[in-house]
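Undergrad: Below you'll find the structure I mean.
In the working numbering, the protein residues as written are 68 to 154.
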């Protein structure tokens, strides 16, 4: 098993928590981006608890909604964050 856990500060003061677990059978991930006060901006993960979403188990949390999300990796997450910072 390989485990990666990282807490990273973003240039705007927000925080990104990265968790990846890799085994021969599966890959589990969570990329949690939040404001410094703890307010969620977006979290992408593949925890299998939203079975009604078309991309199950992959999904994201934005505020109170949980929309579908394709499998994502840290490179894509960083592109999303960079795009938001450039607005």
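Don't be surprised by glycine CBs; every beta carbon is placed ideally from N, CA and C.
What is the C-beta distance between residue 82 and residue 76, in whole angstroms, given that I count them as a contact (C-beta under 8 angstroms)?
TA: At roughly 6 angstroms, the Cβ-Cβ gap stays under 8 angstroms, so residue 82 and residue 76 are in contact.
Undergrad: Are there three or more Cβ pairs, one per stretch, closer than 8 angstroms when the stretch 97-108 is compared with the stretch 134-152?
TA: Touching, yes, given that three or more Cβ pairs across the two stretches are closer than 8 angstroms.
Undergrad: Have a look at 105, 130, 106, 136 and flag the residue whose alpha-carbon is nearest the alpha-carbon of residue 114.
TA: Comparing Cα-Cα distances from residue 114 to each of 105, 130, 106, 136, the minimum goes to 136.
Undergrad: Taking all protein chains shown into account, decide if residue 140 is buried (16 or more other Cβ within 10 angstroms of its Cβ) or exposed.
TA: Exposed, since its Cβ has fewer than 16 Cβ neighbours within 10 Å.
Undergrad: For a test of the three-state rule: what should DSSP assign to residue 143, helix, strand or coil?
TA: Three-state result, residue 143: helix.
Undergrad: How far does the beta strand (DSSP E) with residue 88 in it reach, from first residue to last?
TA: Counting along the chain, the beta strand (DSSP E) containing residue 88 begins and ends at 82-89.
Undergrad: Looking at the unbroken beta strand (DSSP E) that takes in residue 135, where does it start and where does it end?
TA: Segment: none, residue 135 is in no beta strand (DSSP E) and carries neither H nor E.
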